[in-house]
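Before any comments, here is the structure.
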Amino acid sequence: MTTNDLRPAPDGELLALAREGTLAREYPRVRRLVGELSGDALVRAGQLLTWLDQDEVISAHPAVSPVKIAITGHGTLHALVAPLTAELARHGLLLRPYLADFDSYVSALAEPGSDLYAQRADLVACVLDPAVIADELPTPWRHEDAVRVLEEKLALLEQLADRYGEAGDAVLVFNTIPLPHELCAQLVDRRSRAALGAAWRETNARLLRLMDTRPWLVVLDLDPLLTEPIPLCDPRASVYVKAHLSGELLARYARELGHLARQITGRTKKCLVLDLDGTAWGGVLGEDGIDGIEVAGTYRGEAFRAFQKVVKQLAAQGVLVAVVSKNDLDLVRQALREHPGMTLRENDLVRVIANWRPKHDNLVGLAADLNIGVDSLVFVDDSPFECGLVRSELPEVAVVALDGEPAAHPGALLRDAWFDSRDVTAEDLTRTVRYREELVRKDFLRSFGSLDGYLDELGVRVRLCRAVPADVPRISQLTLRTNQFNLTTVRLQQPDVQRLLADPDATVLGIHAADRFGDNGLVGAIFLRREGDSVRLENFLLSCRVFARGIEQACLSAVLRHAGASGVQDVLGGYRPSTKNGKVADFYPMNGFIRVSQVDDLQVFRHDLAAIPAPPRHIELIVLLGAGR
C-alpha cells in the first residue's frame, strides 16, 4: 500500500473541510480535490460547494475568479447547478449562478429589460430539450407537423440569438436538440420516421451553422455526448417535474460549460506534455530498445498509434506538444526520428526533455523555456506515482492520469477539451514552428556576453498599425490567452473587438513582429479611446513569446508621439494587478507616466507628453496609424 492509498478520499476531505467550517478559507485546495472526482461523487461535491458563502471565498482569495452563468431554458434545470459548480471549481473558478424562471427562455432572451439581461452574466446558457418540439405537436400528429414545428423553432432561436447579439454582452450558448426514440417510435411507418429523422437532423445542422455568422454564439452539439453512453432523459422526471434532460446529461453539459468558462477567463491551456514509456508507446525504451517498443503493427501498438495520431492532430492546430520522459535523450531522439511506425516525429514537438530529474522540475524548466506559466501545461502520464507527484508539487498543472489501457488514452486526453478555442487562427497553425524558433533565439542569446549585443544582432522589426476585420479572431484570442503582459486583464470576445473597430472614439492597434529567425505574426494589441483632450490606453497586451525585446517600449513611444501630434494634452493608462501580470506593474512609471489615481483595483497613470522617450535603437519600427494598414 502506498502513501497515496492512505489519504482520505477527495470527497471525504471536502466534507471534512465543510464540517470544520474552513471550506471557504481552504478554497484553493478544492481545485485539486474536485479534479480527482467524477460521476456521482463530483455532483455531490458540487452540491456541497453550492452552500459556500461566495463573498467569503473572494474576500479570502482575491485571485479566485468568479464567473456568473445565467441559465434559462424550456424545462426544469435546477439539477444543472450542482455539477456546474463542481466543474468550475475544477478549473479554479467560482460559480455565481442565476436560474431563470421555468420555461421563460423566450421572454428572457427577447426582452433586454428582463432579469436575465440585468444579471450581466459572463455566460448565458439557453438549454434546449426535445420537449421544445414535442410540446407543440398536435394530437394526433404526422411527420409534416413536426417539420413545421422544427422550422418555426429554428426561426425563433435565430431571432433570439440576434436579439441577444444586439443587446447582450456575454457569450450565448445554445445546444442541439436530440431526437428521442419515444417520439420517433410514435410514427408506425418507416418512411415517416425517416422523414422525421432527416428533418430533425437538418434542423440541428442549421442550428450549429448559426455560429458561422454570430461570433457571440456557441452551439454545443449534444449528439457526441449521448454516445458515451448517457441517457437522454428520465421518463418520470420528464413527466412529473418537467425535467426533460437526465441528470447525467446535464452533468455532461455542465462539463462543456466549464470548458467555455475556462476559455473566457483566459485559462485555456497551451502546451501538452507527454510521458513516453507506457503513454506514447508501449514498452520501456531503455529496456526493449527502439525495435522493441510498440507503436504500430500489434494490437497494443495500433492503440498507441491511434493516440499519437490524436496528439499530432492537436499539434497541427496550434497546441504545443512537448515530451518529458525519464530516458536517455539521444535514444529518444533516435526513436522519434528513425522508428518506421512512429506517427509523432521530433518536428511535431516543441521540446524533447529526456533525463532522470524529477518530472515536476522538468515541467518548471519547460515552462520557463517557453515563457509560459506552469498553469498552461497539461501533463499526461500512465504512472500513478508521477501523476500524484506532479499534482502535489505543481497543483496548477492539469494532470491527465492514464489507466494503463492504451485504447482509452485518446478519450482520457480529449475529455476535458483543455485546448479548445473559438477559432483556429493563422498564428495557431504555425505556433509550434514559432516557439521552436524562439528556443533558437534563446540559444542565440546565450552566445552573447550582453543583452544589448543580442538585441542588436536579433534584427527586430515591428509594424504597428490599425487593426482590420481580419485581425479580430487573433486579437480576441490574445486578450483571452495572454496573462503576463496584459495590463488590465480585460477579456474580449470577437463581438467586443468588432464593436471597438466600429466605435469612432476607439482605436485598436495590432502589433506585428519579425526578426532574423522568422515572422512572429500578430503578437500584441493596444486599445485606445479618445476622451476630449486626452487619450486613454484601455489595454496593452503582448504575447509572452516576444516581450522584453523593446517591442513594448517602441510601440508605446509611437502611441505617445501620435497622440502629441493629434493635439491631445495627455495620455492615461491603466494597470490592474493580477496573479500573472506582476512583471509589468512598473511598465507605465518606467516610461514616464505618473500615477494619478486608483479606481477600485485599477491604477491610473498619466503622461503629459512633454518628454516622450525614443524607441529603442535596435528596433526597426514601421507605424501606420491611418485607416487600414
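Counting in my numbering, the sequence shown runs from 1402 upward without gaps.
Every residue, glycine too, gets a C-beta built ideally from N, C-alpha and C.
Please read these numbers as outputs of a predicted model, since none were measured by experiment.
Our contact map puts residue i next to residue j with C-beta atoms below 8 Å; I'd like the distance itself, whole angstroms only.
i     : j     : result
F1780 : V1801 : 7 Å
R1835 : R1946 : 7 Å
D1749 : K1710 : Going by Cβ atoms, the distance from D1749 to K1710 rounds to 11 Å, so no, they are not a contact pair.
G1975 : L1938 : 7 Å
G1447 : A1483 : 4 Å
L1943 : G1922 : Wrong, their Cβ atoms sit about 13 Å apart, outside the cutoff.
If you draw a straight line from the C-alpha of residue i to the C-alpha of residue j, how long is it?
i     : j     : result
L1803 : R1917 : 42 Å
A1511 : T1486 : 27 Å
R1408 : A1644 : Because the pLDDT at R1408 is just 49, under 50, the model does not fix this residue reliably, and the value given afterwards should be weighed accordingly. So the two alpha carbons sit approximately 38 Å from each other.
M1402 : E1437 : Since pLDDT at M1402 reaches only 34, below the 50 mark, its modelled position is unreliable, and the value read off the structure follows with that caveat. Each residue's alpha carbon lies about 19 Å from the other.
F1994 : I1578 : 55 Å
R1746 : R1738 : 6 Å
G1648 : D1530 : 13 Å
L1814 : F1708 : 9 Å
W1757 : L1730 : 10 Å
A1535 : D1504 : 14 Å
D1904 : V1873 : 14 Å
R2030 : H1963 : Per-residue confidence for R2030 stands at a pLDDT of 45, beneath the threshold of 50, marking its modelled position as unreliable; the derived number appears in the next sentence. If you take the alpha carbons of R2030 and H1963, they lie about 16 Å apart.
R1426 : P1539 : 55 Å
A1959 : P1978 : 25 Å
L1557 : G1566 : 14 Å
G1911 : L1902 : 12 Å
A1388 : T1666 : This structure cannot speak to residue 1388, because the chain is shown only from 1402 to 2030.
L1434 : G1789 : 12 Å
A1651 : V1468 : Residue 1651 is actually Leu in this sequence, not Ala. When rounded, the distance between both Cα atoms is 19 Å.
G1440 : T1451 : 17 Å
W1617 : K1671 : 23 Å
P1498 : G1719 : 33 Å
I1952 : T1833 : 22 Å
L1573 : V1619 : 6 Å
I2013 : V1985 : 19 Å
C1527 : R1882 : 26 Å
P1429 : S1777 : 17 Å
Out of the options, point me to the one whose CA is closest to residue i's CA.
i     : options                       : result
G1812 : T1628, G1774 and T1890        : T1628
R2018 : L1449, P1498, L1778 and Y1855 : Y1855
S1935 : V1969, I1927 and D1904        : V1969
V1722 : L1675, L1943 and D1456        : L1675
T1680 : D1897, T1890 and V1724        : V1724
G1391 : D1824, R1842, I1876 and V1751 : Since the displayed the chain opens at 1402 and closes at 2030, residue 1391 lies outside it and no answer follows.
F1886 : R1875, V1791, A1871 and D1987 : D1987
A1808 : A1697, P2014, Y1506 and A2012 : A1697
L1795 : D1770, A1827 and D1762        : D1762
R1867 : R1892, I1927, D1516 and A1827 : I1927
According to DSSP, is residue i part of a helix, a strand, or is it coil?
i     : result
W1819 : coil
A1871 : helix
V1722 : strand
F1994 : coil
K1671 : coil
H2008 : strand
C1585 : helix
N1605 : helix
N1728 : coil
A1547 : helix
R1864 : strand
V1528 : strand
V1751 : coil
R2030 : Because R2030 sits at a pLDDT of 45, beneath the cut-off of 50, its placement in the model cannot be relied upon, and the following sentence gives the value as read from the coordinates. R2030 falls in the coil class under three-state DSSP.
L1438 : coil
A1595 : helix
L1623 : coil
E1629 : coil
Legend entry - beta strand (DSSP E) runs contained entirely in the region 1891-1949, provided each spans 3 or more residues: 1907-1916, 1919-1932 and 1935-1943
Legend entry - Ordered list of alpha helix (DSSP H) runs contained in the region 1450-1515, each at least 4 residues: 1455-1461, 1482-1491 and 1506-1511
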